[in-house]
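A short worksheet on the structure shown next.
Protein chains in written order, with our numbering: chain A, 15 to 604; chain B, 59 to 303.
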């Protein structure tokens, strides 16, 4: 029971506290609508997922073929602008004119070569998205090029293999044909040689008989009118006659061989031969019969003998032609065979060439795979070059502006609230002092306090985190001063405008949170939905952060950032007017 | 007859359509303690804020001696010392720091301030507490410090709005005595208070304010004579109110 009572008392205390909180409608609205508004704003700002309003600066040698890569990099929301020098592009990037610089190698062509991407490392949150995009696009292009190259290579290989197969088939057929032909030629050659062998002995014999017959006829002529040895002449003629048979047989055999072979065949030669042989054979037969029946050689006219000898000479002449023809045929065959051998040797050479091609293809180097798969080499170079080494320095501007906004708003808000809620506040209206002095006095007080905090902050940042403030210290301090002024005035405005402490502080906190979330602190503007990004670029936090970043890392002066400085000056002027108005409004309510 | 120290002549002040002060005429003399009595919402605070230059007068004149100081805030601020119902100083600062701060704002030099510190802290009895944080003083001391701060710039007119609210009876009396002493030192005082007994006792003249108008101005003694049958000053005030309806 006692515990129950204790709980009830606790309940009443909580109930009273909640009543006090919600009795003020502005506090109530802030507590209920504030988070709702915040989540809607933040949700909207963070709902983007595609890069937009990104400008890529490109530099390439005159004859470099970069179109395919440039086409891949550009898109509906990402534009490409060409620079004559990469240094100019980097300068433009430092001034936030372009987001990235792509420097194509001089030998870049047909989708091959290297690209050096220079990125503003100080925009740490954009870098991730930009690099991701570039890697993806370069990889896609590289992949596309690889794919096209692969398709071409494979197509070439396939065509080459087909050509090789056809060629090889043809070579094989040619080789086979040549070999068959050679075999035929060799066989024919052998036949011709055989025919020569067959022909030569009777041919030589008949030549010998011709000589012998000539000699006999000469002797017969010398002994004309005297008795002669008829038996010797008959024997000579018979020997010739006998040889004619052999010659006839041989010629028939040669003709048969020639007909069966590929040797050019001239039937008239053989017909003349056969006719001559037949005539010789008949005359010889008649001469021999006449000699056998004639005992007196004188009866045999010399004229007849000479006629007979002439017939023999004709025959021998034909046989000489035949011999010559056979020899020529044999020589020609031998030449053909040699030529075929040479052709076969050439085919062997061709086959060897195919072997070389095959060897070349099969011998593709594995180390070429990288070049084949990634024809484009991408190198990413941060600007400033040492940005990756000191990440604390890179995030310093955003930490600074974050600290500046929260501390300035809350501190100045509290000081105004302390002043306006002080029992002494009313006396300010009694003293003969211009009201502006109180506003300005409070403003300067805030500035001094913030200045002291910043001094400590800078000392720690310089010595502990190596943040270099000296690139353009006066402009950097001026930017810090303007940033502080803006946030102090905001805090003062809320203090004068909203008299209730908790509401005023809550409002200041929500304002700072909205400024923080609706900026490029977490997600870059380039990834926010375009309308949100358009509004957010005018967010004072974004403007101040940009000024601090550009001054701190690139040493830019006021002239380089005239728009940001002017915009901030405009904001300060507007808020100052509101502060003065809020002061008088606050005074009137007393 | 002595010329009035301060004259309100047909003063009017409206907030929107609401007329808070209506053709009010009032005269305050040198070294006089002038008490304004009125019910809540009668227009007392508005009248004081018109006088200290916090509000602008819509119509009428405010004449200081012979000078028209209507809406001349700078002059009025030098002329008037004002103590609000609540103490009006920085509790975090010490007694001296508060005194010096406001003295500087009124344009006093360091030398003048050192002299004024001695005088004022002596008058209000805070000489021994000059280095104490104002927030740590007792209620009576705080009130006296507020008086001192209001007087730091030598104002000839001191306006006190409920000067003894929240004080214990003994301190109340001390404060009224202090007011009387200040009057004796040549300072004219306008005082608003609901402590009618003290008003009757310490004020030279009282004015009855109702609905933005002064119904009557008279010395307490003359009012006693005029309304002999009324037991208390409150009864007289109530009677005057009823008469005005």
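Ideal Cβ positions, reconstructed from N, Cα and C, are used throughout, including at glycine. Treat the numbers as computed from the prediction; the structure is a model and nothing was measured.
Own chain, CB closer than 8 Å to residue i, minus 5 neighbours either side, in chain order
{"i": "residue 409 (chain A)", "result": "138"}
{"i": "residue 357 (chain A)", "result": "188, 192"}
{"i": "residue 99 (chain A)", "result": "73"}
{"i": "residue 215 (chain B)", "result": "63, 64, 86, 137, 138, 139, 245, 246, 247, 248"}
{"i": "residue 258 (chain A)", "result": "220, 291, 294, 295, 298, 329"}
Proximity test, Cβ basis, 8 Å: residue i and chain A
{"i": "residue 143 (chain B)", "result": "no"}
{"i": "residue 250 (chain B)", "result": "no"}
{"i": "residue 132 (chain B)", "result": "yes"}
{"i": "residue 160 (chain B)", "result": "yes"}
Proximal residues to residue i (C-beta, below 7 Å), its chain only, five neighbours per side dropped
{"i": "residue 501 (chain A)", "result": "418, 419, 422, 423"}
{"i": "residue 229 (chain B)", "result": "197, 198"}
{"i": "residue 350 (chain A)", "result": "199"}
{"i": "residue 116 (chain B)", "result": "70, 71, 72"}
{"i": "residue 299 (chain B)", "result": "268"}
{"i": "residue 111 (chain B)", "result": "131, 134, 135"}
{"i": "residue 394 (chain A)", "result": "131, 133, 145"}
{"i": "residue 666 (chain A)", "result": "Nothing in the structure corresponds to residue 666 (chain A), since chain A is present only between 15 and 604."}
Cβ of residue i within 8 Å of any chain B Cβ
{"i": "residue 462 (chain A)", "result": "no"}
{"i": "residue 456 (chain A)", "result": "no"}
{"i": "residue 567 (chain A)", "result": "no"}
{"i": "residue 600 (chain A)", "result": "no"}
Listed by chain order, chain A residues near residue i by CB distance under 7 Å
{"i": "residue 163 (chain B)", "result": "445, 447"}
{"i": "residue 135 (chain B)", "result": "444, 445, 446"}
Contacts that residue i makes with chain B (C-beta to C-beta distance below 7 Å)
{"i": "residue 436 (chain A)", "result": "148"}
Beta-carbon separation (whole angstroms), residue i vs residue j, contact threshold 8 Å
{"i": "residue 590 (chain A)", "j": "residue 503 (chain A)", "result": "6 Å"}
{"i": "residue 87 (chain B)", "j": "residue 244 (chain B)", "result": "Their Cβ separation, rounded to whole angstroms, is 12 Å, which puts residue 87 (chain B) and residue 244 (chain B) out of contact at 8 Å."}
{"i": "residue 456 (chain A)", "j": "residue 429 (chain A)", "result": "6 Å"}
{"i": "residue 65 (chain A)", "j": "residue 147 (chain A)", "result": "6 Å"}
{"i": "residue 536 (chain A)", "j": "residue 62 (chain A)", "result": "About 12 Å; that fails the 8 Å criterion."}
{"i": "residue 97 (chain B)", "j": "residue 268 (chain B)", "result": "7 Å"}
{"i": "residue 553 (chain A)", "j": "residue 532 (chain A)", "result": "6 Å"}
{"i": "residue 178 (chain B)", "j": "residue 138 (chain B)", "result": "The pair is not a contact, with the Cβ atoms about 16 Å apart (cut-off 8 Å)."}
{"i": "residue 200 (chain B)", "j": "residue 145 (chain B)", "result": "5 Å"}
{"i": "residue 406 (chain A)", "j": "residue 483 (chain A)", "result": "About 14 Å separates the two Cβ atoms, so there is no contact after all."}
{"i": "residue 258 (chain B)", "j": "residue 227 (chain B)", "result": "Contact flag wrong, Cβ pair sits at about 16 Å."}
{"i": "residue 4 (chain A)", "j": "residue 498 (chain A)", "result": "Within the shown structure, residues of chain A are numbered from 15 to 604, placing residue 4 (chain A) beyond reach of any answer."}
Under 9 Å from the C-beta of residue i: neighbouring residues of chain B
{"i": "residue 440 (chain A)", "result": "112, 140, 142, 144, 146"}
Own chain partners of residue i with C-beta closer than 6 Å, once the 5 adjacent residues on each side are dropped
{"i": "residue 210 (chain A)", "result": "340"}
{"i": "residue 36 (chain A)", "result": "42"}
{"i": "residue 321 (chain A)", "result": "none"}
{"i": "residue 392 (chain A)", "result": "129, 152"}
{"i": "residue 596 (chain A)", "result": "507, 510, 511"}
{"i": "residue 568 (chain A)", "result": "108"}
{"i": "residue 16 (chain A)", "result": "none"}
Residue-level contact to chain D via CB, residue i, 8 Å cutoff
{"i": "residue 61 (chain A)", "result": "Of the protein chains in the structure, A and B, none is chain D."}
Going along the chain, which unbroken runs of the alpha helix (DSSP H) with 4 or more residues stay wholly within the stretch 113–174 of chain B? Every alpha helix (DSSP H) of 4 residues or more that sits fully in the stretch 113–174 of chain B is shown, in chain order, as 131–137, 153–163.
Within the stretch 223–257 of chain B, ranges of the alpha helix (DSSP H) (whole runs, at least 4 residues): Qualifying alpha helix (DSSP H) stretches, in chain order: 227–242.
Would you list, in sequence order, the uninterrupted alpha helix (DSSP H) runs of no fewer than 4 residues that lie entirely inside the stretch 151–201 of chain A? Unbroken alpha helix (DSSP H) stretches of 4 residues or longer found wholly inside the stretch 151–201 of chain A: none.
Along the chain, which unbroken stretches of the beta strand (DSSP E) at least 3 residues long are found entirely within the stretch 29–92 of chain A? Runs of the beta strand (DSSP E) inside the stretch 29–92 of chain A: 68–73.
So within the stretch 401–449 of chain A, which uninterrupted alpha helix (DSSP H) runs reach at least 4 residues, ignoring any that extend past its ends? Segments of the alpha helix (DSSP H) lying fully in the stretch 401–449 of chain A: 405–435.
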